[in-house]
Structure formats: C-alpha cells, structure tokens
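Working notes, beginning with the structure itself.
Residue numbers (the working numbering): 1 to 317.
This is the structure we're talking about:
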C-alpha cells in the first residue's frame with residue numbers, strides 16, 4: 001500500500017510520531033502541500049492523509065489509484081465526498097478526539113478575563129507591586145465564576161464537557177441546541193435570544209452550516225449584557241468579525257476570546273486583530289500534545305481498518 005501524507009506540519013513538529021501511520025505501507029511525507037500540488041503529490045498512491053488540503057473531484061479524476069482519504073481532523077469539508085464515492089474511495093475522519101482539549105482552552109480564555117493573570121504578571125514585572133504600601137495589589141478587577149450563567153451554543157460532546165466544568169465552578173449552564181431531545185443532563189434548553197440576554201458568558205460549540213453562518217452578528221450582539229464575554233473555539237464563520245469588533249470597541253460587550261477566524265491563517269487586515277478586550281489564539285484549542293497523539297493513533301487505526309477491509313469512521317457511505 002502506498003501512502004501519501006500531504007500536510008504533516010499541521011499535526012506534528014517532530015514532537016509526536018507519525019510511525020503508526022507510515023509503518024502501514026510505503027509512505028511519502030510532506031510537511032505542507034499547496035492545493036495546486038495535491039494531485040501531483042498523490043500520484044499513484046492508494047491512500048492519502050491530510051488535514052486541510054483540498055481533495056476535489058479533479059484530484060480524484062487525476063489520481064485513479066486513490067481509494068482512501070484519511071483526515072487529521074473531525075471536519076471534512078475540504079474533501080469532495082460525493083466525488084470520492086463516485087470513484088469508489090472511502091473518506092474517514094476522527095470524531096471526538098479533542099473534546100477535553102477544546103473545553104480546557106475555552107476555560108483558559110474565560111479565566112484570563114476573570115482572573116487577569118497575564119495583566120497581573122505584566123504589572124508585577126513593571127514594578128507596580130515593588131515596595132507597595134500594602135501586602136496586596138489588586139488594581140485590576142477580577143471576578144468569580146461561581147454564580148455566573150454560561151450560555152452554551154451547541155450541546156454536543158464539547159458543549160457537554162464545558163457544561164460539566166462550568167457546574168464544577170458553581171456556574172449555571174444553559175444551552176441553545178437544535179437537538180434538545182438529546183440533552184439528558186438537566187441543562188435548561190433555551191431559545192437563542194433568551195440565552196444571549198441572560199448569559200454572563202456565551203460560548204460557541206456548534207458546527208458551521210449555511211444556516212448559522214454569522215450567527216453572532218450586530219443583531220445578536222445587541223442582545224448580550226454589556227458585561228458579557230463571547231468565546232469562540234468552534235468555527236470562525238459563526239461570527240461576523242466586523243460586527244464583533246464594533247461591539248468590542250464601543251463597549252457593547254465586555255470582551256471576546258477567539259480561537260478560530262473566518263480566514264485562517266489570520267489575514268493582516270483582520271478587524272479583530274486590533275479590537276479592544278479581544279484575546280486571540282491561533283486555532284490551538286485542539287492542539288495539546290496528548291490530543292495530537294490521540295489523533296494520530298486514531299488516524300492510524302482508521303487506515304489499518306480500511307486496509308483490512310473493515311473501514312470505520314466513514315463519512316461518505
């Protein structure tokens with residue numbers, strides 16, 4: 001079996017091993033592949049593994065041997081799954097590998113606003129506490145999570161984990177979900193507008209669809225408390241970035257913690273880049289070392305199962 005990995009640098013910088021995948025066949029590994037080189041690099045390979053490279057109908061037409069597309073991801077909108085099926089190819093993703101990591105990062109962003117550890121570190125380094133007249137220096141306001149309401153938009157595995165952590169902090173969790181019948185832990189299911197109006201923190205954990213693109217826009221931001229935070233560790237396209245920038249700069253909401261953008265990597269003219277009270281991390285919520293190790297194990301498991309004639313996690317049945 002000939003295997004081509006197109007964008008290994010999206011999952012490892014030599015800190016986690018690809019051996020579980022490359023040991024399954026003759027392997028060619030590329031750290032990064034521009035989309036106009038995808039077909040050329042796949043060539044006569046039986047299997048391709050990638051994260052965000054575009055595997056289009058034209059790629060399948062050009063690569064007649066290609067019968068397996070494995071993803072370093074849960075999402076698969078970069079692959080033409082219908083074309084894959086037409087060519088007799090299987091497309092497999094990795095669901096659920098980053099639940100703990102994304103929930104953890106969600107609270108890292110929240111706690112940065114509520115505890116201001118980076119601001120206090122900078123203040124201390126600047127000397128604000130040096131020889132201060134009191135034993136404590138609390139010139140930067142901080143707040144407790146206990147008693148606050150967190151509104152969770154989307155209540156899949158990550159949303160449920162966020163709710164679990166929130167309750168451990170003594171918060172009240174509410175959710176807006178398209179599948180309220182699947183909420184079995186007692187979390188109240190609200191309409192979106194009501195959730196936005198009562199929540200101290202609104203956190204997004206839903207997939208991006210044509211129906212919910214720019215779900216967070218000028219109209220929905222106007223419903224939020226002026227003291228509220230918006231957190232997005234889901235998909236950048238859920239947020240109208242111009243509207244969010246305006247809301248932050250005008251004080252319409254108190255802050256935003258953002259891990260995903262509409263265009264990635266970030267463009268130089270991204271409006272959020274210079275927005276007030278906006279924390280931005282570069283799409284790393286999913287990326288702790290243990291999470292990437294788990295991902296690579298699952299990618300290898302998917303490929304092995306397909307090789308053995310019993311494919312799992314198939315998204316184009």
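Here a beta-carbon is modelled for each residue, glycine too, at the ideal position from N, C-alpha and C.
Query: Best match in 31, 173, 247 and 90 for proximity to residue 227 [C-alpha to C-alpha]; Result: 247
Query: Cβ-based neighbour list, residue 344, same chain, cut-off 7 angstroms, excluding 5 preceding and 5 following; Result: Because the chain here runs from 1 to 317, residue 344 falls outside it and cannot be looked at.
Query: Residue 196 beta carbon less than 8 angstroms from that of residue 175; Result: no
Query: Assigned secondary structure, residue 190 (DSSP; H/G/I helix, E/B strand, else coil); Result: coil
Query: C-alpha distance - residue 49 paired with residue 41, whole-angstrom precision; Result: 12 angstroms
Query: With 16 other Cβ atoms within 10 Å as the buried cut-off, status of residue 70; Result: buried
Query: Spatially closest choice to residue 27 from 162, 57, 313 and 300, by CA coordinates; Result: 300
Query: Ordered list of alpha helix (DSSP H) runs contained in the stretch 1-52, each at least 4 residues; Result: 19-22 and 38-42
Query: Beta-carbon proximity check, residue 185 vs residue 160, cutoff 8 angstroms; Result: yes
Query: Pairwise C-alpha distance: residue 61 and residue 172; Result: 52 angstroms
Query: Close Cβ partners of residue 83 (< 6 angstroms) along its chain, the five nearest in sequence each way excluded; Result: 57 and 60
Query: Local conformation of residue 245 per DSSP, three classes; Result: helix
Query: Reference residue 31, options 10, 170 and 193, closest by Cα; Result: 10
Query: Integer-rounded CB distance, given that residue 150 should sit under 8 angstroms from residue 166; Result: 5 angstroms
Query: Inter-residue CB distance, residue 152 and residue 205 (contact presumed, cutoff 8 angstroms); Result: 6 angstroms
Query: Residue from 265, 97, 286 and 63 whose Cα sits closest to the Cα of residue 298; Result: 97
Query: Beta-carbon proximity list for residue 319, same chain, < 7 angstroms, skipping 5 on both sides; Result: Residue 319 is absent from the model: the chain starts at 1 and stops at 317.
Query: Neighbourhood of residue 218 by C-beta distance below 6 angstroms, restricted to the same chain and skipping five residues each side; Result: 243
Query: C-alpha gap between residue 255 and residue 124, whole angstroms; Result: 23 angstroms
Query: Range of the contiguous beta strand (DSSP E) that encloses residue 230; Result: 229-232
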